[in-house]
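Input: a single structure, listed below in structure tokens.
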Amino acid sequence: MGLLCFPVAAVIAANERDFARKARVGSGVVVLLDNGPHHAMTKMTLPGTRSFLMITNTQAGVTVRQRIPVRYLPADPERTAEPGVDSVYADAWDVVWIGIASIVGALVSPFLVRRFPNLLGYMIRP
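Going by our numbering, the first residue of the sequence shown is number -6, and it counts up by one from there.
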């Protein structure tokens, strides 16, 4: 499982890089907070008169009437809008860390089970 994460992360990174290359950056205004400062309803206004509402889940807390940057593809902004422009590869790095943790866990767990059989609930006979 851990080794599978690395090619998956590469595909995610390539898709994110492609999105970042084609995307435009606009501005959205937080109009409503739903269940805390990390879940907001944001109004995105495109050049011209077109605007739409979108749900944004941000890592950084936001407040009502705060402006946040939004990336979007000009061909389909409603479906592709994403809050923030900070880290394009955050999702890919998350998958890499999951892969590393899986590999470390797979390598270390047999030693931990043998070292602490009563603590981990296993009785292993030598």
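The beta carbon of each residue, even a glycine, is placed where N, CA and C say it ideally should be.
Assign residue i to one of two classes, buried (16 or more other C-beta atoms within 10 Å of its C-beta) or exposed (fewer than that).
i, result
"residue 98", "exposed"
"residue 76", "buried"
"residue 55", "buried"
"residue 110", "exposed"
May I ask which residues mark the beginning and end of the beta strand (DSSP E) holding residue i?
i, result
"residue 26", "17 to 26"
"residue 62", "60 to 65"
Got a sec, what are the start and stop residues for the alpha helix (DSSP H) residue i sits in?
i, result
"residue 51", "Premise fails: residue 51 is in no alpha helix (DSSP H) and is neither H nor E."
"residue 73", "70 to 73"
"residue 104", "83 to 108"
Note down, in chain order, each residue of its chain lying with its Cβ closer than 6 Å to the Cβ of residue i, except the 5 sequence neighbours on either side.
i, result
"residue 2", "85, 88, 89"
"residue 81", "9, 13"
"residue 49", "33, 35, 76"
So residue i and residue j are supposed to be a Cβ contact under 8 Å. How far apart are they, rounded?
i, j, result
"residue 74", "residue 34", "That pair is no contact at about 12 Å."
- Message: Between the region 61 to 73 and the region 20 to 40, can you find at least three pairs of beta-carbon atoms closer than 8 Å?
- Response: Between the region 20 to 40 and the region 61 to 73, the count of Cβ pairs shorter than 8 Å is three or higher; the stretches touch.
- the region 77 to 93 in contact with the region 24 to 40 per 3-pair CB rule at 8 Å: no
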